[in-house]
Structures are given as C-alpha cells and as structure tokens.
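Novice:
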Amino acid sequence: MKQNIKVLTLSLICLFVANVMSFAQGTPPDKSKRPSQPVTTSGKFGNSTLTIDYSSPAVKGRKVWGELVPYDKVWRAGANEATIVTTDGELTVAGKKLPAGKYSFYVMPTEKDWTIIVNSQTGQWGIKRGGETTRLPENNVFTASVTPKKSSSFNENLVYEVTKEGFVLKWENMELPVSVK
8 MKQNIKVLTL
18 SLICLFVANV
28 MSFAQGTPPD
38 KSKRPSQPVT
48 TSGKFGNSTL
58 TIDYSSPAVK
68 GRKVWGELVP
78 YDKVWRAGAN
88 EATIVTTDGE
98 LTVAGKKLPA
108 GKYSFYVMPT
118 EKDWTIIVNS
128 QTGQWGIKRG
138 GETTRLPENN
148 VFTASVTPKK
158 SSSFNENLVY
168 EVTKEGFVLK
178 WENMELPVSV
188 K
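Under my numbering, residues 8 to 188 are what the sequence shown spells out, in order.
(1) With residue 148 and residue 110 assumed to form a contact (beta carbons below 8 Å), what rounded beta-carbon distance in angstroms separates them?
(2) Among 128, 98, 72, 161, whose alpha-carbon lies nearest the alpha-carbon of residue 54?
(3) Buried or exposed: residue 161, going by 16 or more other Cβ atoms within 10 Å of its Cβ?
(4) Using only alpha-carbon positions, find the residue among 164, 138, 117, 188 that is nearest to residue 171.
(5) Within a Cβ cutoff of 7 Å, which residues of the same chain sit near residue 78, ignoring the five residues on either side of it in sequence?
(6) Does the Cβ of residue 106 have 16 or more other Cβ atoms within 10 Å, making it buried, or fewer, making it exposed?
(7) Give the straight-line distance between the Cα atoms of residue 130 and residue 86, rounded to the nearest whole angstrom.
(8) Exposed or buried, residue 142, counting other C-beta atoms within 10 Å across all chains shown (16 or more means buried)?
(9) Which runs of the beta strand (DSSP E), 3 residues or longer, sit entirely within the segment 116 to 160?
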C-alpha cells in the first residue's frame, strides 16, 4: 500500500512538473479566444498586395474617440499587438512611398486631422503599462496627415476595409480613409 502511494505521489509530481514545463516553453495563447478578435484583410493595388493584421475591439457602450482612444496621443490602431501592415511591393500610402515590407501602423487622432504613422518595428505588444504605445519614434518610416469623417453607420467593432482607393479604418461613428496607389 505504501509503495502504491509513493508511485502515485511520484506520478503526480511528474505530471505537475511536465505541465509547468509546457507553460515555460511559451506555448502561444489561442488568439481566437481573446475578446478583441484577430482579423486579417487584404487587397491588390496594381501588382502589389497590401495586408492588414489587427485585433478588433468593440465599443461596448463606451465613447471611443477622445476618451477610450484619447486625442493627441499615439494609438496602436487596434487592440492587443500593434496593427501590422504588409506589402509585397512598393506602394504610395497617403501620398508617401512605402517599400515592400512589414510595418506597424499607428494613428494619432485629434479633433481635426489625424496623423498616421508607419513604423519599421514589428512584433511588439501595442501598449505599455502606462497606456502609451510601444512605438519607437526613431523607427518611423513616415507620418502623414489624414482627415477622418463621420461614419454613415455605427460600427460596434473596429474594422479595416480595403477599397479601390485604399483602406478605411471604421469604428464607432468615425471613418479614417487612407489612400493607397
């Protein structure tokens, strides 16, 4: 009987250690279980494909622009990790040349024109504990001024829509059209 208890105890300890080790290996979390779902959208512009990978937060009864997403502060343009823009060929985005590559996409909303920021750093979590972005300004590829407009319909979830003119960030009562050629 004592031998069985020792074997059972040793087995439980081994299972516990194996379980802890699997977490230590950094098993990636299942992003589809997050409240802000991961989304990918893409479109063709000439011979180049533009892809946008982002996490889509919901309004959930909150006021987004100027409160949840403060004015005059850089925002990761989605939830969770910084939004990623990838292109397999050179494009002109908001009047600025964007070489083929993978970039983080940020927005700084204001009460009037907004600034879009394309940054060469990728793979980072979108914000620090204090709420500021993880963007390193020295890695900015370019910034451009873009004018938002009131949306014709309410968008509960943030969405990027690719159009023949470029792409549009839509959320709550606002749309931010960004030209792409």
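Every residue gets a Cβ at the ideal spot worked out from N, C-alpha and C, and that includes glycine. Here the structure is a predicted model, which means the values were calculated and not measured.
Specialist: Concretely, from the data shown:
(1) 6 Å
(2) 98
(3) Looking at its Cβ environment, which holds fewer than 16 other Cβ atoms inside 10 Å, residue 161 is exposed.
(4) Residue 188 is the option with its Cα nearest to residue 171.
(5) 116, 117, 118
(6) exposed
(7) 13 Å
(8) buried
(9) 121 to 126, 147 to 153
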